[in-house]
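Peer 1: Per this note's numbering, the sequence shown runs over residues 85 to 281. Don't be surprised by glycine CBs; every beta carbon is placed ideally from N, CA and C.
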Amino acid sequence: MSRAERVIGCGGLGSERSVCPLDEVGTVNVSHPSKSNANPPPPLPLNHANQPPNHKAHPQESHQILTAQRLNRPVAPHLSIYEPSQTWFGASAWTRITGCSLSGAAYVYLTGYLVAPLLGLHLGSAELAAGFAAWPFFAKGVVKFALAFPFTFHFFVGVKHLVYDLGVGFAKGTIRRGEMALWVASLAGGLFLAFGV
85 MSRAERVIGC
95 GGLGSERSVC
105 PLDEVGTVNV
115 SHPSKSNANP
125 PPPLPLNHAN
135 QPPNHKAHPQ
145 ESHQILTAQR
155 LNRPVAPHLS
165 IYEPSQTWFG
175 ASAWTRITGC
185 SLSGAAYVYL
195 TGYLVAPLLG
205 LHLGSAELAA
215 GFAAWPFFAK
225 GVVKFALAFP
235 FTFHFFVGVK
245 HLVYDLGVGF
255 AKGTIRRGEM
265 ALWVASLAGG
275 LFLAFGV
């Protein structure tokens, strides 16, 4: 096979001008070209419709174009289309709610504890216990439950995630039963801490 019969694959196939001196690149027999190489495809026409416009849009025109494009975007679904067990009673949202309520209550109390001496007030544990003891039983229970439920819920969610870290409980049925057990244990624990039942 002569050097004229060896052509490079990325050059002009079937052309003697694309001679490749390296034998391992690839070979094409020029004396018997295939039909696909005999008639190369015509060049693609330039499509001027896909080219960007040459004029600069004014800010008002740009805003109108953007507003028109936003009308074609899909709207995110409202929470009401989902099952209430996923949105209203999902552990993920309630973990955040209970965590924020616990930390918010702690910040309010600790800030009050720091500012109280400047205002001539005393928010020490003895004063709080004496004032809290004077409340009616039901009012004390409601306040204690408002603090105990977020604590127990957050605690049991933490235990659930420790179990998940072991790689256990990822089946759909197990997750649903775990959610129900989480709510029952949290409510029972909150009631026990609040009312001592």
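Taking all protein chains shown into account, do 16 or more other C-beta atoms lie within 10 angstroms of the C-beta of Leu-246, making it buried, or fewer, making it exposed?
Peer 2: Exposed.
Peer 1: Checking 8 Å against the spacing of the C-beta atoms, do Leu-266 and Ala-175 come in under that value?
Peer 2: It is a contact, given that the beta carbons lie within the stated cut-off.
Peer 1: Do you know offhand how far Leu-284's Cα is from Gly-280's?
Peer 2: The requested residue 284 does not occur in the structure, where the chain is confined to residues 85 to 281.
Peer 1: Would Ser-200 and Leu-194 qualify as a contact pair, given that the criterion is a beta-carbon distance under 8 Å?
Peer 2: Just to set this straight, residue 200 is Ala in the shown sequence, not Ser. Not closer than 8 Å, so no.
Peer 1: Hey, would you say Ser-270 sits closer than 8 Å to Phe-216, going by beta carbons?
Peer 2: Not in contact: Ser-270 and Phe-216 (Cβ atoms no closer than 8 Å).
Peer 1: Just mark Tyr-248 as buried or exposed, buried being the case when its beta carbon has 16 or more other beta carbons within 10 Å.
Peer 2: Exposed, by the Cβ-count rule.
Peer 1: Beta-carbon separation of Gly-253 and Gly-242 under 8 Å?
Peer 2: No. Outside cutoff.
Peer 1: Look at the Cβ atom of Gly-273, then the Cβ atom of Phe-229, and state whether they are nearer than 8 Å.
Peer 2: Cβ distance not < 8 Å, so Gly-273 and Phe-229 don't count as in contact.
Peer 1: Could you give the uninterrupted runs of the alpha helix (DSSP H) lying entirely in the region 164 to 219, keeping only those of 4 residues or more?
Peer 2: Fully enclosed alpha helix (DSSP H) runs of 4 or longer: 168 to 171, 175 to 203, 209 to 217.
Peer 1: Determine the contact status of Pro-234 and Thr-171, defining contact as a CB-CB distance below 8 Å.
Peer 2: No, Cβ-Cβ distance for Pro-234 and Thr-171 is not below 8 Å.
Peer 1: Less than 8 Å between the beta carbons of Ala-278 and Gly-225, yes or no?
Peer 2: Contact: yes.
Peer 1: Please state whether DSSP places Ala-278 in a helix, a strand or coil.
Peer 2: Note: Ala-278 maps to helix in three-state DSSP.
Peer 1: DSSP three-state call for Glu-263: helix, strand or coil?
Peer 2: Note: Glu-263 maps to helix in three-state DSSP.
Peer 1: Where does Lys-224 fall in DSSP's three states?
Peer 2: Reduced to three states, the DSSP call for Lys-224 is helix.
Peer 1: May I have the straight-line CA-CA distance separating Glu-108 from Asn-123, to the nearest angstrom?
Peer 2: Residue placement at Glu-108 cannot be trusted, given a pLDDT of 47 that sits under 50; the coordinates are not used to answer.
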